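Enquirer: Take the sequence shown: its letter number 150 is residue 149 in numbering that gives the first Met the number 0, and every next letter is one higher.
For every residue, glycine included, the Cβ atom is placed at its ideal position computed from N, Cα and C.
It should be emphasised that the depicted structure is a prediction, and the values quoted were computed from it without experimental measurement.
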Amino acid sequence: MARLKVAVLISGRGSNLQALIDECARPGSAAEIVLVLSNAPDAAGLDRAAAAGIPTATVDHRDFDGRAPFEAAVNGALDVAGAGLVCLAGFMRLLTAAFVERWRDRLVNIHPSLLPAYKGLNTHARALADGVRLTGCTVHFVRSDMDAGPIVVQGCVPVLPGDDEAALAARVLKMEHRAYPLALRLIAEGRVRVANERVEIDGAGSPAGAMLNPTDDSCAGA
Ligand code: GRF
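Structure representation (structure tokens):
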């Protein structure tokens, strides 16, 4: 069966991109990354893509007069690449409702909190300030409201005594690198359906297949 053609949109470091690259390199993967696109010419993730032999493109938002022409250029690159799914992985541009609608249920994002908690930026600092015991990450289909949309996968991690923002961010990031590949695998295998703005996963009578616990060393002692 033809593999799902995936484009990954980045702006920076690209560690989640790397996790997706590694997932697609797994024997039997139903997905292939056909394009990595950055709005930032110096994004380190572009080097990761090049090292993996994946075509890259830079569409610098500063070269465009507004969001609509910028997104038209992004759409052009996505169409040429034949993308069937777009993964946002640290892509730091807000997208218009028109773009989001064009890619409805074919556009996913990863966010470093257990949505709907802590939408927006500085998620870890806010979680620490609130004294929550659990936080995590969410992979979700994108809707035009920021950090909203049907949830595909969530992974939780504990907030441990003595955590600072960097320690918590590192623990969550490690979970992100499990959650995003799992979401991609479920979608690429055709097991994900959006019904009434909720995600249903075939082969899982419960959402257990899409919930990750910190059963590895990210939860040591918890
Ligand atoms: C991640 O924390 C992701 O959740 C957020 O932006 C960060 C990107 O990191 N949306 P990286 O570029 O994937 O390393």
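Taking the alpha-carbon of alanine 43 as reference, which of Ala88, Arg101, Ala80 has the nearest alpha-carbon?
Expert: Here residue 43 refers to the residue found at position 44 of the sequence shown. Ranking the options by Cα distance to alanine 43, first place goes to Ala88.
Enquirer: Let me confirm a value: glycine 13 is counted as buried when at least 16 other C-beta atoms fall within 10 Å, else exposed. Which label applies?
Expert: Mapped onto the sequence shown, residue 13 falls at position 14. Classification of glycine 13: buried, given that the 10 Å Cβ count is 16 or more.
Enquirer: Is leucine 172 close to the ligand GRF? I mean its beta-carbon at under 7 Å from any heavy atom of the ligand.
Expert: Numbered from its first residue, the sequence shown carries residue 172 at position 173. Because some heavy atom of the ligand GRF lies under 7 Å away, the Cβ of leucine 172 counts as near it: yes.
Enquirer: Would methionine 0 be called buried (16 or more neighbouring beta carbons within 10 Å of its own) or exposed?
Expert: Within the sequence shown, residue 0 is the residue found at index 1, counting from 1. Here methionine 0 is exposed, its C-beta having fewer than 16 other C-beta atoms within 10 Å.
Enquirer: Sort out for me which residues DSSP pairs threonine 122 with in a bridge.
Expert: For the purposes of this step, residue 122 is taken as the residue at position 123 of the sequence shown. Answer is none; threonine 122 lacks a bridge partner.
Enquirer: Please determine, among Asn38, Asp21, Asp41, the residue with the shortest C-alpha to C-alpha distance to isoleucine 32.
Expert: As a working mapping, residue 32 is identified with position 33 in the sequence shown. Cα-wise, what sits closest to isoleucine 32 is Asp21.
Enquirer: Would you check if the region 1–12 and the region 41–60 touch, i.e. whether three or more CB-CB distances between them fall below 8 Å?
Expert: yes
Enquirer: Would a C-beta distance cut-off of 8 Å place isoleucine 186 and leucine 94 closer than the cut-off?
Expert: Sequence index remark: in the sequence shown, residue 186 carries index 187 (1-based). Sequence index remark: in the sequence shown, residue 94 carries index 95 (1-based). No; because the gap between Cβ atoms is not below 8 Å, this pair is not in contact.
Enquirer: Taking lysine 4 as the reference, which of Met91, Arg105, Phe90 has the closest Cα?
Expert: Here the question's residue 4 lines up with position 5 in the sequence shown. Ranking Met91, Arg105, Phe90 by Cα distance to lysine 4 puts Arg105 first.
Enquirer: Candidates Arg197, Ile53, Asp64, Val171: which alpha carbon is nearest leucine 211's?
Expert: Here residue 211 is taken as the residue at index 212 of the sequence shown, counted from 1. Cα-wise, what sits closest to leucine 211 is Val171.
Enquirer: Need the endpoints of the beta strand (DSSP E) that proline 157 sits in, please.
Expert: Position 158 of the sequence shown, counted from the start, is the residue given in the question as residue 157. Unbroken beta strand (DSSP E) run through proline 157: 150–157.
Enquirer: Please classify alanine 182: is it buried, with 16 or more other beta-carbons within 10 angstroms of its beta-carbon, or exposed?
Expert: Reading the sequence shown from its first residue, position 183 is the one you call residue 182. Alanine 182 is buried by the Cβ-count criterion.
Enquirer: Pick helix, strand or coil for isoleucine 289, following the three-state DSSP scheme.
Expert: The structure shown does not extend to residue 289, since the chain is modelled only from 0 through 221, so no value can be given for it.
Enquirer: Below 8 Å on the Cβ atoms is my guess for arginine 177 versus glycine 154; work out the distance and round it to an integer in Å.
Expert: Position 178 of the sequence shown, counting from 1, holds the residue named residue 177. Position 155 of the sequence shown, counting from 1, holds the residue named residue 154. The pair is a contact, with the Cβ atoms about 6 Å apart (cut-off 8 Å).
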